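Have a look at the structure below before the remarks.
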Amino acid sequence: MTRSRAFHEASLPLFAPPGDEDEATATPLAGRLPSYIADHRKRLRTRFTEGGAGAMADYELLELVLFRALPRLDVKPLARLLLDTFGDFNRVITAPAPRLLAVKGVGEAVVLELKVLEAAAQRMARARVMQRAILSSWDALLDYCHTAMAHRETEQFRILFLDRKNVLIADEEQAKGTVDHVPVYPREVVKRALELNASALILVHNHPSGDPTPSDADISMTMQIRDAADVLGITLHDHLIIGKERELSFRAQHYL
Numbered sequence: 007m008t009r010s011r012a013f014h015e016a017s018l019p020l021f022a023p024p025g026d027e028d029e030a031t032a033t034p035l036a037g038r039l040p041s042y043i044a045d046h047r048k049r050l051r052t053r054f055t056e057g058g059a060g061a062m063a064d065y066e067l068l069e070l071v072l073f074r075a076l077p078r079l080d081v082k083p084l085a086r087l088l089l090d091t092f093g094d095f096n097r098v099i100t101a102p103a104p105r106l107l108a109v110k111g112v113g114e115a116v117v118l119e120l121k122v123l124e125a126a127a128q129r130m131a132r133a134r135v136m137q138r139a140i141l142s143s144w145d146a147l148l149d150y151c152h153t154a155m156a157h158r159e160t161e162q163f164r165i166l167f168l169d170r171k172n173v174l175i176a177d178e179e180q181a182k183g184t185v186d187h188v189p190v191y192p193r194e195v196v197k198r199a200l201e202l203n204a205s206a207l208i209l210v211h212n213h214p215s216g217d218p219t220p221s222d223a224d225i226s227m228t229m230q231i232r233d234a235a236d237v238l239g240i241t242l243h244d245h246l247i248i249g250k251e252r253e254l255s256f257r258a259q260h261y262l
C-alpha cells in the first residue's frame with residue numbers, strides 16, 4: 007500500500023502492516039471504530055463547527071489535525087505527547103520533520119498533515135502583506151515574520167523588496183545558516199534589489215535562541231548593506247530580528 011493511500015480511511019487495511027510507522031503504537035483497531043472513539047471524534051468536530059478553535063484546548067485542535075493521518079486510532083495520547091515534547095500547538099506544527107519523526111507514534115502521514123497546515127498558515131499570513139503598503143501594514147508584516155520564522159531551529163535571512171510606494175513586491179529567502187550564524191553578502195543583496203527594480207528594503211532574520219538582541223556581526227552586516235544600498239539610491243527601512251516571543255527593530259532601537 008502506498009503512503010498516499012494512508013489518507014483515505016476507506017482504503018486502509020483493518021490492521022497496520024508490520025513496521026508501518028504511520029500507525030501509532032496502540033493496538034490497531036479492527037472493523038468499525040469503537041463507539042467511544044467515534045463518539046469522541048464526532049463531539050470534537052461538532053464543538054469546532056459550532057464554537058471554532060477558541061472553544062478547544064490545544065490538544066483537542068491537534069486531535070482534529072491527526073484524525074485524517076490516523077483514522078483507525080485514538081489520537082488523544084499522541085496529541086498530548088506532541089504537546090509535551092514541543093511545548094504548544096504552534097511549536098508542534100513548525101517542528102522540523104526529523105524531530106517530529108523521532109516522537110513515538112509519528113510517521114510520514116502525520117508529518118505531512120502538520121507540514122501542510124504549517125504551509126497554509128504561512129501562505130495566509132503572507133497574503134496579508136504581499137502587494138500592500140508595508141509601512142501601513144506593519145502588524146500584519148510582524149505576524150507573517152513570526153509565523154514563518156520564529157520557531158525555526160536554524161537562522162534564516164529574508165529580504166523584503168519594496169517599490170517607490172513602499173508596496174511589497176517580493177519576499178525572498180537569501181540564505182540559511184546554522185543555529186547562530188547565517189552568511190549574508192551585501193553585494194548580492196543590492197544586486198538582487200536592482201534586478202527587481204526595488205526602491206527600498208527590509209531585512210529580516212531569526213534568532214533560534216529566542217533572544218532577538220543583535221550581535222556585533224548583525225550590526226556590522228546591516229551597516230554594510232545600508233551603505234551599499236545608499237550608493238545606489240535604495241533605502242534600507244529596517245532590519246527585524248525575530249525571536250521566539252518578540253522581535254527587535256533596528257529602526258526602533260536607533261541602530262538605523
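When we follow my numbering, the leftmost residue of the sequence shown carries the number 7, and every step to the right adds one.
For each residue, glycine too, the CB sits at the ideal point set by N, CA and C.
Small disclaimer: the values here were computed from a predicted structure and weren't measured.
Grab me the residues of Thr-153's own chain with a C-beta within less than 8 angstroms of its C-beta, minus the 5 sequence neighbours each way, in chain order. Position 147 of the sequence shown, counting from 1, holds the residue named residue 153. Taken in chain order, the residues that qualify are Ala-127, Gln-128 and Ala-131.
Have a look at the DSSP bridge pairing and note the partners of Thr-241. The residue labelled residue 241 in the question sits at position 235 within the sequence shown. Per DSSP, Ala-206.
Would you mind giving the Cβ-Cβ distance between Ile-240 and Cys-151, rounded to the nearest angstrom? I have them listed as a contact below 8 angstroms. Position 234 of the sequence shown holds residue 240. Position 145 of the sequence shown holds residue 151. Ile-240 to Cys-151, Cβ: 21 angstroms. No contact.
From Ile-197 to Ala-115, what distance separates their C-alpha atoms? For the purposes of this step, residue 197 is taken as the residue at position 191 of the sequence shown. For the purposes of this step, residue 115 is taken as the residue at position 109 of the sequence shown. The question names Ile, but residue 197 in the sequence shown is Lys. Rounded to whole angstroms, Lys-197 to Ala-115 spans 41 angstroms at the Cα level.
Once the 5 residues before and after Met-87 are set aside, which same chain residues still bring their CB inside 8 angstroms of it? The residue you call residue 87 lines up with position 81 of the sequence shown. Per the sequence shown, the amino acid found at residue 87 is Leu instead of Met. Taken in chain order, the residues that qualify are Val-109, Lys-110 and Gly-111.
Output needed for Val-173: all residues of its chain with C-beta closer than 8 angstroms, excluding positions within five of it in sequence on either side, in chain order. The count along the sequence shown starts at 1 and reaches residue 173 at position 167. Gln-137, Arg-138, Ala-139 and Ile-140.
So, with DSSP's three-state summary, where would you put Phe-163? As a first step, residue 163 must be located in the sequence shown, where it is residue number 157. Note: Phe-163 maps to strand in three-state DSSP.
Tell me the DSSP bridge mates of His-211? The residue labelled residue 211 in the question sits at position 205 within the sequence shown. Paired residue(s): Phe-163 and Ile-247.
Beta-carbon proximity check, Arg-164 vs Ala-146, cutoff 8 angstroms: Translated into positions along the sequence shown, residue 164 becomes position 158. Translated into positions along the sequence shown, residue 146 becomes position 140. Not in contact: Arg-164 and Ala-146 (Cβ atoms no closer than 8 angstroms).
Go ahead and pull the three-state DSSP assignment for Ser-255. Within the sequence shown, the letter at position 249 stands for residue 255. Of the three classes helix, strand and coil, the one that applies to Ser-255 here is strand, per DSSP.
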